[in-house]
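Heads up, the sequence shown is in the numbering used here, so the first residue is 188 and it goes up one at a time.
Right, one structure below, let's go through it.
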Amino acid sequence: MNGAAGPGILREPGLAAADRAGLLPAAAAAGAQIRSVLAASWGLPPIERPRAMVVVGLNAVVDTAFLTALVGRTSPAPIVAAQNLPPWVGPLDLVVVMAGHPDDEQAAEAAGIARRRGATVIVRGAEHGPVAEAAGASLLVAPVVAVPEALAAPARWALLTMVAARAGLAPVVELARTADLLDATALACHPGAETFLNPGVNLAEYLADGTGLLIGCDRIADAIAGHGGRVLADLGGVVTGVMTAAQAASSPALMRRIGGPKDIFADPFDDDEPAQLVKPLLVSTTAEDTSGRSPEAAADRMALAGMMRSFTGAMHLDGSADALPVVNGMPEFPDGPGEDHHEPGRRDSGGRDLGGRGFGGVGGRDLDRRDLDRREDDRREPGGFPAAQGRPADVFDAAVAACLRLDFAAVYVGIATGQLVPLDFPDGLGRSGGTRWAVRPATVGDRREREQDVNSWN
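Okay, here's the thing in structure tokens:
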């Protein structure tokens, strides 16, 4: 990106064109990431229940925090996060190595040592490179969808959940349904959607107006907040605080600073020393209806209610609501007889491409309850798992949907502030050259001009 466009660009018709790096289509590939993990499940070997599941990698702390919060206290074996392979790992353990970049020597070393110790090893890394060589006979899950690793949290979380379920440490979830939900969420965050309905734009505008403070109001929300702080720094270039609700409640100074009475005559532009504006964002995943659920869920809702009373002006990122059918804000056109979706390439009255799934679209209609509750046998894809009953499946959908909205917000903030692209742009751990959305006409034009210059000298 060549310069700061300012927050005003988020409501301009040229918002999509301002995304010169193509990170918005990359974020919209979250559903495709989930489906690629489903396809990779065919190669998963039978996994006996381990003594411990050890997750090693650059993002292991946040990723494992999500998994342990999803499993709760029901896991029969501990799930541990580590930057380096612990010395006690042996043949009875399951090691999942999550590479952070294609040439991750630390991940390659961990995979090699775990193999020599006889542990069951599953490696997520690039198809070629030191990590793939170190994986050897272990199962290598190479991402097919090429996106920067900052936008790959849905794939990492899906893989960890799937491996834990195969090992008997976590309930199974229906990832195919999750992928459809992420497609609908991506369409809602499309730069062509109505701005007042676009959750990504609204969240970006809110956070760009000050210093964000992400407050998790339950255990899974704590992991989402941790991911949000990281992605806002990596893609948005902004510093964001991350706290749990308990930490915020035990800080009287913070509660007074953010939740105290405001001076209605204060002018942040004319005051000699205006106070730094802190924008709290409350993150939750527990549904409002806690009937039949655990006391922990009811306590989470009480914590959220307390935070909302304390921070009356805070924005609320409600994962449980995100897991419901999405109002996408896109122009609607009636489908013809027998048609379920708009044809790719159709445009609205303003000239905006309606596309296919995500940024190449699910069409102009909203997702309805039948799309989410379709029978399991009609929805099963290669490697899919049946949906878990009750909380785990619902909360998994809520978590990844909230995660994706934060990803879009970070990309939009980056567009407004003119941030540089990630170091692993555009492929991440995906196949080299497979990121077709990153090929821009300007790149082709520059190359053609260089070839003409060379020919003129020859």
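For each residue, glycine too, the CB sits at the ideal point set by N, CA and C.
Can you look up residue i in the DSSP assignment and give me helix, strand or coil?
i, result
"S325", "coil"
"T261", "helix"
"S507", "helix"
"P341", "helix"
"S471", "strand"
"G277", "coil"
"V334", "strand"
"G446", "helix"
"G230", "helix"
"V318", "helix"
"V608", "coil"
"G195", "helix"
"G355", "coil"
"G617", "coil"
"V598", "helix"
"R561", "Residue placement at R561 is flagged as unreliable, the pLDDT there being 37, under the threshold of 50; a coordinate-derived value is accordingly withheld."
Taking just the CA atoms, how far does residue j sit from residue i?
i, j, result
"D396", "V388", "12 angstroms"
"T348", "A205", "36 angstroms"
"R534", "G379", "With a pLDDT of 42 at R534, under the threshold of 50, the predicted position of this residue should be treated as unreliable, and no value is reported."
"L419", "P439", "26 angstroms"
"P265", "G305", "19 angstroms"
"R343", "I445", "34 angstroms"
"D614", "V331", "10 angstroms"
"G403", "G506", "11 angstroms"
"P273", "V587", "29 angstroms"
"T499", "R443", "12 angstroms"
"A294", "L346", "17 angstroms"
"G537", "C376", "Its pLDDT being 41, under 50, G537 is placed unreliably in this model, and the value from its coordinates should be taken loosely. Cα to Cα, the separation comes out at about 18 angstroms."
"G244", "A324", "20 angstroms"
"R302", "V308", "7 angstroms"
"F546", "L197", "Reliability fails at F546, whose pLDDT of 44 lies under 50, so the model's placement of it is uncertain and the value that follows must be treated cautiously. Those two C-alpha atoms are separated by around 17 angstroms."
"L390", "G493", "22 angstroms"
"I411", "E483", "18 angstroms"
"V310", "S228", "13 angstroms"
Along the beta strand (DSSP E) that carries residue i, what are the first and last residues, could you check?
i, result
"A269", "I266 to A269"
"G403", "T398 to G403"
"T431", "G428 to T431"
"T307", "T307 to R311"
"G244", "M240 to G244"
From which residue to which residue does the alpha helix (DSSP H) around residue i run?
i, result
"L202", "L202 to A205"
"V388", "P386 to A395"
"V425", "From DSSP, V425 is part of no alpha helix (DSSP H); its letter is neither H nor E."
"I407", "R406 to V418"
"L362", "L362 to A375"
"I300", "E292 to R303"
"L491", "P482 to S497"
"A213", "L210 to A214"
Quick one: using the 10 Å Cβ neighbour count with 16 as the cut-off for buried, is residue i buried or exposed?
i, result
"G416", "buried"
"I383", "Per the sequence shown, residue 383 should be read as Phe rather than Ile. Exposed."
"N246", "buried"
"L464", "exposed"
"Q270", "exposed"
"M489", "exposed"
"Q434", "exposed"
"R406", "buried"
"H288", "buried"
"H315", "exposed"
"P278", "exposed"
"T604", "buried"
"T427", "buried"
"T365", "buried"
"L616", "buried"
"S437", "exposed"
"T261", "exposed"
"P317", "buried"
"G209", "buried"
>> Check whether the region 591 to 603 and the region 419 to 430 are in contact - that is, three or more C-beta pairs closer than 8 angstroms.
In response: yes
> On the three-pair Cβ rule with 8 angstroms, is the region 246 to 264 touching the region 205 to 219?
Replying inline: no
> Okay, do the region 230 to 242 and the region 349 to 360 touch, 3+ Cβ pairs below 8 angstroms being the bar?
Replying inline: yes
> Counting pairs of beta carbons, one from the region 218 to 233 and one from the region 319 to 335, are three or more of them closer than 8 angstroms?
Replying inline: Contact check between the region 218 to 233 and the region 319 to 335: three or more CB pairs, one atom from each, fall below 8 angstroms, which counts as touching.
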